[in-house]
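If you read the protein sequences in the order shown, they are chains A and B. When the letters of the first sequence are read in order and numbered with numbering that gives the first Met the number 0, they come out as residues 0 to 320. When the letters of the second sequence are read in order and numbered with numbering that gives the first Met the number 0, they come out as residues 0 to 305. Report on one structure; see the data block that follows.
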Amino acid sequence: MLSPSVTSRSGAGDGEKTMTEAATQSASLDGLRRDTIRHKGAIVGFLAPFLILFAATYLVPVGYAVYQSFQKVVRVDLYSPPTSRFGGLEQYERVLESSEFWQSILRVLELAAVQMPIMLGLALLFALLLDSPVVKGKTFFRLAYFVPFAVPGVVAAIMWAFMYAPSLSPLPVLARNIDFLGSSTVLWSIGNVLTWTYTGVNMLIMYSALKAIPPDLYDAAKLDGAGQIRIAWSVKIPLIMPALIMTMVFSVIGLMQLFNEPMVLRSVSRGVSSTFAPNMLVYATSNVPNYNLAAAFSVVLALATGALSFGFLKVVQRRAF
Amino acid sequence: MATTQSTRQVPLVSADAPDGDESPRGPRESRASTISSGLLMVVFAGYFLTPLWWLFVASTKRLEDLSTTPGLWFGDGFHLFSNIGDLVSYSDGIFVRWMINSVLYAGVGAALGTLLAAMAGYAFAKYTFPGRDWLFNSILAGVLVPATALALPLFLIAAKVSLVDTYWAVFIPSVVSPFGVYLARVYAAAAVPDELLEAARLDGAGELRTFATIALHLMSPALVTIFLLQFVAIWNNFLLPLIMLQDDKLYPLTLGLYAWNSQVDAAPWVRLYAIVGSLVSIVPLIIAFLSLQRYWRGGLSAHAVK
């Protein structure tokens with residue numbers, strides 16, 4: 000797994016000192032004193048292209064969305080054009096009062112509680128099996144399980160939408176007896192598309208972490224007569240915990256952003272409303288168009304997702320690094 | 000289940016054992032567990048592969064045969080190539096246009112994005128300057144901002160500068176990859192030795208030249224990974240183009256196929272195009288994935304950096 004511990008934190012504290020000193024030092028001392036900035040031009044040259052675009056596509060839009068979320072559109076009378084005014088927390092109150100918002104969050108949480116453990120549990124099982132000597136034909140299975148990840152979410156959903164339809168399903172018996180697209184089942188049909196698409200890549204992340212364990216760590220366990228299951232449970236799983244938590248973080252972030260699959264299934268299922276997932280709500284609100292409210296939805300979602308994944312990452316770092 | 004292994008064999012298990020199929024990692028397992036786990040793996044291989052097989056088979060059928068012939072086997076005749084012919088000529092070849100758009104957005108966008116991420120990551124890893132950690136942490140915070148939460152703010156900004164419904168509206172945001180910078184920094188810190196850079200400097204090489212000739216080369220496994228991750232992210236992107244684009248000539252494949260799929264009720268013949276188009280759109284990606292597979296795993300494991 001990627002280990003953030005590799006990134007060095009040296010030189011953190013003396014940032015301010017260096018800046019003021021660098022300004023006063025003459026250029027002739029450049030490179031002689033340890034705390035002058037060496038290769039200033041190169042640093043600027045390497046960083047500027049990314050930072051400019053980062054500012055234009057992250058900082059400015061986020062800032063503007065926050066600004067928009069504090070505005071409201073008012074009309075003085077019927078004949079004057081609508082104008083934007085400062086609205087305070089008005090949009091945020093509407094977000095928190097919106098039952099559609101809470102319902103969409105609840106749907107995502109339902110998926111997170113059911114689909115995520117199934118998907119990651121399967122991924123872990125497959126990764127452990129591939130890492131153990133009991134399975135033959137590992138290369139084939141690794142590829143077969145990973146292939147769905149190459150299919151874009153929209154295409155995967157189109158494909159499954161056809162297969163859920165009774166007239167086209169490859170398993171007509173199943174599709175005729177189970178209404179995969181009904182309002183109470185469609186959430187799990189979406190969950191199935193997600194499981195199909197992402198189990199393989201999660202398996203691969205875990206498998207890579209397993210491969211990175213030096214084999215001699217198993218020697219002691221083997222000498223004690225431990226079998227594969229015991230080794231998996233007591234040695235392998237604890238050692239790849241950071242990777243496991245990382246897959247959870249990615250899954251939670253992914254679920255909070257759920258959009259493509261329900262959007263596609265919406266054309267074939269009455270069970271998917273235009274506000275089914277949080278992001279569909281943002282999209283529907285901006286289509287009204289009510290940009291101020293949509294911006295407030297975006298800000299709340301970004302904060303919630305950010306806080307969630309940041310919290311997860313903190314846990315990982317405390318546990319593993 | 001476990002049989003004791005002779006201690007003499009242990010040192011033979013090298014830490015650099017190739018990632019082959021049968022690296023001896025444990026005692027021999029019982030037949031029962033081999034068979035049951037093999038069966039499980041086969042069943043799930045069926046789960047993962049059946050939809051793709053269905054897509055392929057459906058693409059070889061005529062529209063009227065889709066609902067009358069068994070889903071998992073071929074119908075009357077093999078019409079894949081005539082279907083593809085119809086697909087690319089339908090509506091003045093709009094599908095080919097979407098394909099080219101996707102290649103441009105994802106290919107050029109990921110290549111440029113990887114270069115920018117490599118430069119920034121290298122600078123963070125190999126230079127000390129005031130505010131470095133503060134700057135890097137703000138970029139890391141960007142990783143936490145979900146891409147979909149950014150789509151609407153980006154639209155509002157694009158509207159301000161009249162970029163809505165242009166190539167740039169989708170292309171420019173796609174180039175920026177904070178996660179790529181993070182990966183590049185981790186790799187550069189581990190894979191590019193300071194001594195080598197100092198030696199290059201002593202030899203009189205400029206910073207840019209050192210980066211281009213030494214660092215980029217040493218970072219290349221990570222760069223392939225960053226490129227792939229970003230390529231896939233852009234190729235799969237749907238919300239941003241959906242919000243930004245009205246003109247269907249600018250659509251990427253995902254948006255185009257979505258548009259077709261939403262028309263199925265009004266124009267039933269589009270159903271076959273959506274199916275064949277889906278197949279055509281994923282074949283190049285599957286080939287690229289499978290052939291570059293080792294880079295995925297290289298990128299997913301920091302220990303690949305020795």
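Glycine included, C-beta positions come from ideal geometry on N, C-alpha and C.
Residue i - containing alpha helix (DSSP H), residue span
i: S277 (chain B); result: 269-290
i: Y121 (chain B); result: 108-125
i: D130 (chain A); result: 98-130
i: N235 (chain B); result: 219-235
i: N136 (chain B); result: 131-143
i: F145 (chain A); result: 137-145
i: R37 (chain A); result: No alpha helix (DSSP H) holds R37 (chain A); DSSP gives it neither H nor E.
i: P169 (chain A); result: Counting along the chain, P169 (chain A) falls outside any alpha helix (DSSP H), and DSSP gives it neither H nor E.
i: Y282 (chain A); result: 277-286
i: P152 (chain B); result: 146-159
i: N333 (chain B); result: One cannot answer for residue 333 (chain B) here, as it falls past the ends of chain B, which runs 0 to 305.
i: G152 (chain A); result: 152-163
i: L241 (chain B); result: 238-243
Run of the beta strand (DSSP E) containing residue i, from where it starts to where it stops
i: V83 (chain A); result: For the record, residue 83 (chain A) in the displayed sequence is Ser; it is not Val. It spans 82-85 - the beta strand (DSSP E) in which S83 (chain A) sits, taken as one unbroken run.
i: K71 (chain A); result: 70-73
Cβ-Cβ separation, residue j to residue i (assumed contact under 8 Å), whole Å
i: L151 (chain B); j: A294 (chain A); result: 7 Å
i: F128 (chain B); j: I236 (chain A); result: Not quite, the Cβ-Cβ distance comes to about 41 Å (not below 8 Å), so this is no contact.
i: L65 (chain B); j: L278 (chain B); result: Not confirmed; about 13 Å, so no contact.
i: L155 (chain B); j: L227 (chain B); result: Their Cβ separation, rounded to whole angstroms, is 31 Å, which puts L155 (chain B) and L227 (chain B) out of contact at 8 Å.
i: I233 (chain B); j: Y104 (chain B); result: 5 Å
i: Q229 (chain B); j: A109 (chain B); result: 4 Å
i: Y126 (chain B); j: I42 (chain A); result: 5 Å
i: L115 (chain B); j: P48 (chain A); result: 5 Å
i: S176 (chain B); j: G120 (chain B); result: The pair is not a contact, with the Cβ atoms about 10 Å apart (cut-off 8 Å).
Cβ-based burial, residue i [other Cβ within 10 Å; buried from 16]
i: S88 (chain B); result: exposed
i: R106 (chain A); result: buried
i: I159 (chain A); result: First, the residue type needs correcting, since residue 159 (chain A) is Trp and not Ile in the sequence shown. Buried, by the Cβ-count rule.
i: Q245 (chain B); result: exposed
i: R30 (chain B); result: exposed
i: H216 (chain B); result: exposed
i: A219 (chain A); result: exposed
i: L119 (chain A); result: buried
i: V263 (chain B); result: buried
i: S68 (chain A); result: buried
i: K159 (chain B); result: exposed
i: L110 (chain A); result: buried
i: P60 (chain A); result: buried
i: G136 (chain A); result: exposed
i: S251 (chain B); result: For the sequence presented, residue 251 (chain B) should be read as Pro rather than Ser. Flag for P251 (chain B) reads buried.
i: P147 (chain A); result: buried
i: P23 (chain B); result: Unreliable placement is indicated for P23 (chain B), whose pLDDT of 46 sits below 50; the coordinate value is still reported in the next sentence. Exposed, by the Cβ-count rule.
i: A265 (chain B); result: exposed
i: S131 (chain A); result: buried
i: G199 (chain A); result: buried
i: R84 (chain A); result: exposed
i: V41 (chain B); result: exposed
i: L289 (chain B); result: exposed
i: G310 (chain A); result: exposed
i: S173 (chain B); result: buried
Residue i beta carbon near the ligand SAH (any heavy atom closer than 7 Å)
i: K248 (chain B); result: As for the ligand SAH, it is missing from this structure, which has no ligand bound.
| field | Runs of alpha helix (DSSP H) lying entirely within the segment 187-263 of chain A, each at least 4 residues, in chain order | value | 218-222, 227-230, 240-255
| query | Is there contact between the segment 295-304 of chain A and the segment 121-130 of chain A, where contact requires at least three CB pairs shorter than 8 Å? | reply | no
| Can you list the alpha helix (DSSP H) stretches of 4 or more residues lying completely in the segment 161-217 of chain B, in chain order? | 166-174, 177-190, 193-201, 206-209
| query | Is the segment 192-200 of chain A touching the segment 155-171 of chain A, taking contact as three or more C-beta pairs under 8 Å? | reply | yes
| field | Ordered list of alpha helix (DSSP H) runs contained in the segment 45-104 of chain B, each at least 4 residues | value | 79-88, 93-102
| If we count Cβ pairs, one from each stretch, closer than 8 Å, do we get three or more for the segment 131-146 of chain B versus the segment 202-215 of chain B? | With the cut-off at 8 Å, the segment 131-146 of chain B and the segment 202-215 of chain B do not touch.
| query | What residues in the segment 69-91 of chain A have a beta carbon less than 9 Å from any beta carbon of chain D? | reply | The structure shown contains no chain D; the protein chains it does contain are A and B.
| message | Whether or not the segment 265-273 of chain A and the segment 163-181 of chain A are in contact is what I'm after, with contact meaning three or more pairs of Cβ atoms, one per stretch, closer than 8 Å; do they touch? | response | yes
| Counting Cβ pairs, one atom from each stretch, are 3 or more of them under 8 Å apart for the segment 74-81 of chain B and the segment 192-205 of chain B? | Not touching, per the Cβ criterion.
| request: Indicate whether the contact test is met: 3 or more Cβ pairs, each with one atom in the segment 78-91 of chain A and one in the segment 254-262 of chain A, closer than 8 Å. | output: no
| query | When the Cβ atoms of the segment 141-150 of chain A are set against those of the segment 210-224 of chain A, are three or more pairs found closer than 8 Å? | reply | no
| query | Can at least three beta-carbon pairs, one atom from the segment 180-194 of chain B and one from the segment 248-268 of chain B, be found at a separation below 8 Å? | reply | no
| request: Could you tell me whether the segment 182-195 of chain B touches the segment 86-102 of chain B, using the rule of 3 or more Cβ pairs below 8 Å? | output: no
| query | Are three or more beta carbon pairs between the segment 308-315 of chain A and the segment 96-103 of chain A nearer than 8 Å? | reply | no
| field | Contact the segment 43-57 of chain B vs the segment 66-74 of chain B: 3+ CB pairs below 8 Å | value | Flag = yes, the segment 43-57 of chain B and the segment 66-74 of chain B touch.
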